[in-house]
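J.: Taking the numbering used here, I'd label the letters of the sequence shown as residues -2 to 156. Using N, Cα and C, we set each Cβ at its ideal position, and we do this for glycine too. Take this structure first; my questions come after.
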Amino acid sequence: MPLINQVRPLIELPTALEHRWQTLRLLEARIEEALSRALQTEHQLSVTEYAALAALGFSDDGGHLRQQFLADSIPLNQSSVSRLVGRLEKLGLTERYLCPQDRRGVYTQISDKGRERLAAARETWVRVLREALGQAAEDPELAPAAVWLSEEAGLSQSR
-2 MPLINQVRPL IELPTALEHR WQTLRLLEAR IEEALSRALQ TEHQLSVTEY AALAALGFSD
58 DGGHLRQQFL ADSIPLNQSS VSRLVGRLEK LGLTERYLCP QDRRGVYTQI SDKGRERLAA
118 ARETWVRVLR EALGQAAEDP ELAPAAVWLS EEAGLSQSR
């Protein structure tokens, strides 16, 4: 019976492109897990719900978007966005309405309650994002991507 290796196995993907893509995916998964835990615990929001509220709250269109634009900005497919918007609407965080000029166009508007939840959750989002990037920067495999992302965003460990 073979002994179980206690050290993480070394995986050498064939090209630098594949390796970098995998590193980016690993970094994203680690950060999303941390964000998910914190948002759910502190604000009862999923990462996708937060992303939708942020897209609406920070849109230059007054807090409302056509659902197709919302889907593209998160990104999610149209049917998933419809379910997401339905959940947010039940929570009183958004409202849906039909476009007056084109009755086929469905818009989603962030509510005042949604803006309040977004403001509170954004503090958690930024804090956890910074912490997760800081932790990833200590992992030799993830450090280049984490440092690059932090530097490009103008983040520093002191903020």
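Exposed or buried, which one is residue 230 when buried takes at least 16 other CB atoms within 10 Å?
T.: Residue 230 lies beyond the range of the chain shown here (-2 to 156); nothing can be said about it.
J.: If residue 54 and residue 115 are in contact, beta carbons under 8 angstroms, what's the gap, nearest whole angstrom?
T.: Indexing the sequence shown from 1 puts residue 54 at position 57. Indexing the sequence shown from 1 puts residue 115 at position 118. Indeed they touch by this definition, with Cβ atoms about 5 angstroms apart.
J.: For residue 103, which three-state DSSP category applies?
T.: Numbered from its first residue, the sequence shown carries residue 103 at position 106. Of the three classes helix, strand and coil, the one that applies to residue 103 here is strand, per DSSP.
J.: Under 6 angstroms Cβ to Cβ from residue 111, same chain only, skipping five residues before and after it: list those, please.
T.: For the purposes of this step, residue 111 is taken as residue 114 along the sequence shown, with counting starting at 1. Taken in chain order, the residues that qualify are 50, 90, 91.
J.: For residue 20, which of helix, strand or coil comes out of DSSP?
T.: Stepping through the sequence shown from its first residue, residue 20 is reached at position 23. DSSP places residue 20 in helix when its eight states are reduced to three.
J.: Quick one: any contact between the stretch 95 to 107 and the stretch 62 to 71, if contact means 3 or more CB pairs under 8 angstroms?
T.: yes
J.: Tell me whether residue 12 is buried or exposed, calling it buried when 16 or more other Cβ atoms sit within 10 Å of its Cβ.
T.: Residue mapping note: residue 12 aligns to position 15 of the sequence shown, counting from 1. Result: exposed.
J.: Should residue 38 go down as buried or exposed, given a rule of 16 or more other Cβ atoms within 10 Å for buried?
T.: Taking the first residue of the sequence shown as 1, we reach residue 38 at position 41. Answer is exposed; the Cβ neighbour count stays below 16.
J.: Does DSSP put residue 137 in a helix, a strand or coil?
T.: The sequence position of residue 137 within the sequence shown is 140, counting from 1. Residue state, collapsed to three classes: coil.
J.: Please classify residue 130 as buried or exposed, where buried requires at least 16 other C-beta atoms within 10 Å of its C-beta.
T.: Here the question's residue 130 lines up with position 133 in the sequence shown. The residue in question, residue 130, is buried, as its Cβ has 16 or more Cβ neighbours within 10 Å.
J.: When we look at the beta-carbon of residue 94 and count the other beta-carbons within 10 Å, is it buried (16 or more) or exposed?
T.: Here residue 94 corresponds to residue number 97 of the sequence shown, with the count starting at 1. Exposed, by the Cβ-count rule.
J.: For residue 108, which residues of its own chain have a beta-carbon under 8 angstroms away from its beta-carbon, when the five flanking residues on both sides are left out?
T.: Position 111 of the sequence shown, counted from the first residue, corresponds to residue 108. Counting only Cβ-Cβ distances below 8 angstroms, and skipping sequence neighbours, we find 89, 90, 91, 92.
J.: If I follow the unbroken alpha helix (DSSP H) through residue 45, where does it start and stop?
T.: Here residue 45 refers to the residue found at position 48 when the sequence shown is read from its first residue. Run containing residue 45: 44 to 54, per the alpha helix (DSSP H) assignment.
J.: With DSSP as the reference, identify every bridge partner of residue 91, one or two as the case may be.
T.: Taking the first residue of the sequence shown as 1, we reach residue 91 at position 94. In DSSP, residue 91 forms a bridge with 107.
J.: Report all residues from its chain with a CB closer than 7 angstroms to the CB of residue 19; omit the five preceding and five following residues, and keep chain order.
T.: For the purposes of this step, residue 19 is taken as the residue at position 22 of the sequence shown. Here residue 19 has 10 as same chain residues with Cβ atoms under 7 angstroms from its own Cβ, once five neighbours each way along the sequence are excluded.
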